[in-house]
Amino acid sequence: MGLQPDHSRPPPSRVPGPQGSSLNVGTLSSAAFSQIPGSGPNCGASSWKLRPRPGLQSQGPQGLAIQGMQTSEKVKSPRLGSLKTQSHRGGPPRHWVWSPEQGCPALLGLGRGQSLPRPGRYGGTGDRGAQVTPPHLFSDISLDADTGRTGNVKRSQADKERWRWGPEGYGAVLLVNCDRDSLRSVGTDLTDTQLASRDDLQDMSPVVLTCDAPDALFESYKLVLNVPPSDSKRMRVFCARGGNSLLDYEQVLGPQHLSYAVARQPGERKIGLYVEGLSFPDANFLGLVSLSVSLVDTKTLPEVPLFTDTVAFRVAPWIMTPNTQPPLELYVCSVLDSHGPNAQFLSDMSDLALKASCKLMICPRVENRNDRWIQDEMEFGYTEAPHKAFPVVFDSPRNRGLKDFPYKRILGPDFGYVTRESQSTAVSGLDSFGNLDVSPPVVVEGKEYPLGRILIGSCLPRSGGRRMAKVVRDFLGAQRVQAPLEVYSDWLSVGHVDEFLTFVPTSDQKGFRLLLASPSACLKLFQKKKEEGYGEAAQFDGLEHQVKRSINEMLADRRLRNDNLYAQRCIDWNREVLKRELGLTEHDIVDIPQLFSLKDAYAEAFFPDMVNMVVLGRHLGIPKPFGPLINGRCCLEEEVRSLLEPLGLHCTFIDDYLAYHKLLGEIHCGSNVRRKPFPFKWWHVVP
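Heads up, the sequence shown is in the working numbering, so the first residue is 20 and it goes up one at a time.
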């Protein structure tokens, strides 16, 4: 007699069975063995027999459960080579059971989230009058990770093979192990095939392989860990073998290592695994990887997996932090020019950092090789899993004097490093990270961006102008949690977004303002001062070696006016894009007076560009504009104070004229800030 359908069970899913057959093991690849005293035609005096299990409850996790009954003879491992199945059409959901006449081994499928009941005194048929011998075998095989995103490995009723976004989502997270925990290491930890430090384990996601089964089971069966070929270069798995030595953690899966036969010791019930990510999501990598364990019959040729448990992971993205996040460290460079060192600038920045309770980090000339544009070289961000987060510096493809600084001086214990090199030998000025910014959290027509949106300076659509390198744009888009937005910056000589926009925090309900450079606001201010009788007040008053220009002269300069009409049109184009894509209103935008002049059809700041400021909480380090003095006070500074101080911000104007402005940059270009990560968890995003 063959298999008989049990109509009381849910429908099974089908996995490959031995010798070309298939094996029904339930919707979650869980299974149970039973051994019943007696004899069978193929199994000897003590035969394995499938029995329906009454009272299954949706209380247990996914996994393999094997239960047997006590006998007076030696327990035999089940042989599954002769198991066959039959299909059915229509009718209610059901599981297959083995007929009483045959004593061959079989698997009983358990539904998702189901487990076997505790062994009791009654028989498998549910007859309360039947006394049976207590079971002495119970086996549990399962692969478990932190699918609940609590920071701890727990069994879960969620589908481990799937990964779901959102606050109600589930699925395990992998960190890219891109820091360097051991000072003896040469590169990042992800390049190590051997553990270099026990601290390195904290950067990995723990996984528990439960293999609680009779040792006799593994005489004919083995456990095999697997990763798909496409995932093997994205992840690495270490197996803990019980000791405290670094050598007790062995790499078992990873590049060129697709499978591993688990070296289970007699009586061993749980085996610790540690999984690390090897690469961030990118254009050719969605960020999803998986790890599986299979129970394999070693007596068949080829060997047949009878049961597989799989856990899916998503590699944690690299995340930028906006100006609204509190500052932790302020980076600047010490440089030397023909007019001397930038010592006064460093002193002013030190005072600003002290006001903001922010640590100042000065990169010396020996390390920056007189390259002062530290914002262009790198961008600080972070990566996070439920059990750990750490900062990660993104090194730009710019590769000038500061090119080694992020790798040699920033990379270290719990400080990661990532870079993307342009495929082209010609690196554009738009590849610098002064051309990269991120908005505060916004809501756009009901769509939430709780981590903000990345802003990338670019050319106009279909114009064929300069753009940031595709490899960088692809990387930023692949992170999925900060939906990049390209804005128009190719009208500027340097071409960076930080030349015409920035964000500042506020204490009102909105929480921030967008600041835009505004030629029209500047011309309007100068016109007002002229009408008030201050037309002879001069721009650049107080600066040596710089031609002074009165308000009257600037307003009468037709070329300067036309240059700024053009600049205003470019900024207005961006204004509408930003309002639409960030969900902003005019009330959310502050116009900062600024003039530009064209050189070879590209715009440069006519006086120090005040929007190119450094934001340290409520404290703003703003380039000193050297505007017309009215009653002894710079009218440009006074105008900016009147716009920003009512928002709870403190303005400090810093002289960067010779060391930065004359070289086509300002304070933001010459500084960099590491900020606190978002309290919001990225896996709660719904892309």
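Yeah, the Cβ is synthetic: ideal placement off N, Cα and C, and Gly gets one too. Since we're looking at a predicted model, the values are computed, not measured.
Checking 8 Å against the spacing of the C-beta atoms, do residue i and residue j come in under that value?
i      : j      : result
Glu396 : Ser376 : no
Gln501 : Ile475 : no
Ser224 : Ala404 : yes
Val195 : Gly273 : no
Thr521 : Asn342 : yes
Leu648 : Ala556 : yes
Arg419 : Asp450 : no
Val334 : Phe299 : yes
Leu666 : Thr525 : yes
Val226 : Leu307 : no
Phe645 : Leu562 : yes
Tyr401 : Ile338 : yes
Lys643 : Asp607 : no
His406 : Gly170 : yes
Ser204 : Asp316 : no
Glu550 : Asp628 : no
Leu470 : Trp701 : yes
Assuming residue i and residue j are in contact, meaning their beta carbons sit under 8 Å apart, how far apart are those beta carbons, in whole angstroms?
i      : j      : result
Asp4   : Pro432 : Given that the chain is displayed from residue 20 to residue 706, the structure contains no residue 4 and the question cannot be resolved.
Cys688 : Asp517 : 7 Å
Gln275 : Phe257 : At roughly 15 Å, the Cβ-Cβ gap does not stay under 8 Å, so Gln275 and Phe257 are not in contact.
What would DSSP say about residue i, mapped onto helix, strand or coil?
i      : result
Thr604 : coil
Ala215 : coil
Ser661 : helix
Gln587 : helix
Gly122 : Only weak support exists for where Gly122 lies, its pLDDT of 34 falling under 50; the value from the coordinates is given anyway. Note: Gly122 maps to coil in three-state DSSP.
Gly667 : coil
Met380 : strand
Gly74  : Below a pLDDT of 50, predicted positions are generally treated as unreliable, and Gly74, at 33, falls in that range; the measurement from the model is reported next regardless. Coil.
Lys318 : coil
Ile473 : strand
Phe645 : coil
Leu542 : helix
Val354 : coil
Ile686 : coil
Thr329 : strand
Arg255 : strand
Thr207 : coil
Gly496 : helix
Tyr141 : Caution applies to Tyr141, whose pLDDT of 35 falls short of 50 and renders its modelled position unreliable; the model cannot decide the point.
Arg577 : helix
His703 : helix
His564 : coil
Ser158 : strand
Ser201 : coil
Arg363 : It is worth fixing the name first, because residue 363 is Gln in this sequence and not Arg. Gln363: helix per DSSP, three-state reduction.
Gly79  : At Gly79 the pLDDT is 35, less than 50, meaning the model places this residue with poor confidence and gives no usable figure here.
Phe409 : strand
Asp237 : According to the sequence as given, residue 237 is Phe; it is not Asp. Here Phe237 sits in helix by DSSP.
Asn387 : helix
Leu127 : In this prediction, Leu127 scores a pLDDT of 40, lower than 50, which makes its location untrustworthy; the coordinate-derived value is nonetheless stated afterwards. Leu127 falls in the strand class under three-state DSSP.
Determine the closest residue to residue i out of the options, with distance taken between C-alpha atoms.
i      : options                           : result
Ser309 : Pro247, Val271 and Pro274         : Pro247
Leu193 : Tyr293, Thr210, Leu236 and Ser216 : Tyr293
Arg391 : Pro336, Gly453 and Val411         : Gly453
Asp367 : Ile641, Gly261 and Gly651         : Ile641
Pro263 : Ala215, Val566, Arg174 and Phe326 : Reading the sequence as shown, one finds Asn at residue 263 and not Pro. For the residues Ala215, Val566, Arg174 and Phe326, the minimum Cα distance to Asn263 belongs to Ala215.
Phe399 : Ser239, Pro425 and Ser537         : Pro425
Gly552 : Pro459, Thr317 and Ile570         : Ile570
His680 : Ala164, Pro321 and Val513         : Val513
Asp363 : Leu677, Val692 and Leu683         : Sequence inspection shows Gln at residue 363; the Asp mentioned does not correspond to that position. Comparing Cα-Cα distances from Gln363 to each of Leu677, Val692 and Leu683, the minimum goes to Leu677.
Glu572 : Gln442, Ser447, Ile686 and Leu542 : Leu542
Val437 : Ser477, Val457 and Val411         : Val411
Leu597 : Asp456, Lys179, Leu421 and Gln275 : Asp456
Asp231 : Asp527, Ile160 and Ala331         : Ile160
Leu683 : Arg652, Gly448 and Pro612         : Gly448
Gln394 : Trp702, Ser690, His703 and Lys695 : Ser690
Please find out if some non-hydrogen atom of the ligand GTP comes closer than 7 Å to the beta-carbon of residue i.
i      : result
His687 : The ligand content of the structure shown is nil, which means the ligand GTP is not present either.
Would you call the stretch 613–632 and the stretch 486–494 in contact, with 3 or more CB pairs under 8 Å? no
Would you be able to state if there are at least three C-beta pairs under 8 Å between the stretch 276–290 and the stretch 177–195? The stretch 177–195 makes no contact with the stretch 276–290; the number of CB pairs closer than 8 Å stays below 3.
Determine contact between the stretch 341–356 and the stretch 365–380, defined as no fewer than three beta-carbon pairs at a distance below 8 Å. Verdict: yes, contact present.
Spell out a yes or no on whether the stretch 378–388 and the stretch 350–366 are touching, meaning 3 or more CB-CB pairs, one atom from each, closer than 8 Å. Yes: the two stretches touch, three or more of their Cβ pairs being nearer than 8 Å.
Pair every Cβ in the stretch 578–588 with every Cβ in the stretch 606–623, then say whether three or more of these pairs are closer than 8 Å. yes
I'd like to know if the stretch 234–251 and the stretch 268–283 are in contact, where contact means that at least 3 CB-CB pairs between them fall below 8 Å. yes
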